[in-house]
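In what follows, a structure is listed as structure tokens, so that the remarks can point back to it.
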Amino acid sequence: MSEDVDGETNGETAFLQRYSRHLMLSEIGEEGQAILSRSVVGVFGAGGLGSAALYYLAASGVGTLRIVDYDRVSLDNLQRQILYSTADIGRPKVQSAQESLALLNPDIEIVAVNARLVASNVDALLQPCCVALDCGDNFTIRDTLNGACLRQGKAMVSAAAVGFTGSLVRLRPGSAEGLCYRCLFPDAPDFSSVPRCDSVGIFAPVVGVMGVLQAAEALRFLLGKPSRLERHLLWYEGLLGQFHEFAVSRHPRCPACAAFSVR
Ligand SMILES: [Zn+2]
4 MSEDVDGETN GETAFLQRYS RHLMLSEIGE EGQAILSRSV VGVFGAGGLG
54 SAALYYLAAS GVGTLRIVDY DRVSLDNLQR QILYSTADIG RPKVQSAQES
104 LALLNPDIEI VAVNARLVAS NVDALLQPCC VALDCGDNFT IRDTLNGACL
154 RQGKAMVSAA AVGFTGSLVR LRPGSAEGLC YRCLFPDAPD FSSVPRCDSV
204 GIFAPVVGVM GVLQAAEALR FLLGKPSRLE RHLLWYEGLL GQFHEFAVSR
254 HPRCPACAAF SVR
């Protein structure tokens, strides 16, 4: 047996061992795991939501993770942004995230993009991705990503968390029946009245719960599994330990769907 064949055999054995608990599941199996290996997931925002989502996407064997963030690690991030350690303070988040995830799973590709998501770069950043995770912390970023998902017909798993509450929805902008982020918020909010984590606080595990659920939605989308969360917004009350669902649908006055002639 040549060295190349040995290396290939060892690699195959490691693959079977690493993902054995996925391979046991008939709903995933070797075929599903191969789909995940070929997939590209874009994670837009590497804060609390992104930290939790990225760990599970990397561990699950998504072949390529593209992480977009422009921020640096600060001490007050460490209460909930579990990708980072005290030694990372001051470093670009995407760089620290890339290193942490490579330690967990060296067999996947992790693309770190140290950039602010803006209208001029969003299409190029989204283009290679099969699905986008909206892990941002403000309306402008979500609206920008939503517009690109509409133009490219990409699915978007959107989550938000503040205080003790979190929300999650799987969006299919531009699809026949799907709704987009602006269908939920046809009128841009008054930014001065929107609560933010840096002004009202955030219960640390809420971002973990919502980020892990984002990863689950992304994996299930890649595996072709339908989701109730394409028609329902999931609401988590972290103070009470309760989940709620709210039915959602395309808004007839959605400015984004109208701009892209989605009827
Ligand atoms: Zn819409």
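Counting along the sequence shown from 1, when you hit position 134 you're at 137 in our numbering, and nothing is skipped either side. We put the CB at the ideal spot given by N, CA and C, even for glycine. Treat the numbers as computed from the prediction; the structure is a model and nothing was measured.
Taking a C-beta distance under 7 Å as the contact criterion, A158 and F224 qualify as a contact pair. For F249, the enclosing beta strand (DSSP E) covers residues Q245 to A250.
The beta-carbon separation of R69 and V46, rounded to 7 Å, stays under the 8 Å limit for a contact. Ordered along the chain, residues surrounding ligand 1 are C183, R185, C186, C257, A259 and C260 [Cβ under 5 Å from any heavy atom].
Taking C-alpha positions only, L107 is separated from L128 by approximately 24 Å.
By the beta-carbon neighbour count (other beta carbons within 10 angstroms, threshold 16), L243 is exposed. Residue environment: Q245 is assigned as exposed (fewer than 16 neighbouring CB atoms within 10 Å of its CB, all protein chains considered). In the three-state scheme derived from DSSP, where H, G and I count as helix and E and B as strand, V210 is classed as helix. Taking C-beta atoms under 8 Å as the contact rule, T168 and E220 fail to qualify, at a distance of about 18 Å. Exclusion of the five residues before and after R94 leaves R75 and V76 as the residues of its chain whose Cβ lies within less than 7 Å of its Cβ. CA-to-CA, the gap between A90 and C183 works out to about 39 Å.
When rounded, the separation of the alpha-carbon atoms in V43 and G66 is 6 Å. The stretch 46 to 62 and the stretch 105 to 122 touch, with three or more beta-carbon pairs separated by less than 8 Å. For R94, no alpha helix (DSSP H) run applies, since DSSP gives it neither H nor E. With three or more CB-CB distances shorter than 8 Å, the stretch 160 to 177 counts as touching the stretch 198 to 213. Listed in chain order, the beta strand (DSSP E) elements of length 3 or more contained wholly in the stretch 106 to 164 are 112 to 117 and 134 to 137. Boundaries of the beta strand (DSSP E) around H235: H235 to E240. Among the bridge pairs identified by DSSP, G169 is matched with A164 and Y239.
The three-state reading of DSSP puts L174 in strand, counting E and B together. A direct Cα-Cα distance of roughly 24 Å separates N141 from S88. A distance below 7 Å separates the beta carbons of V71 and L120. Per the DSSP secondary-structure output, G45 pairs in a beta bridge with R69 and A135.
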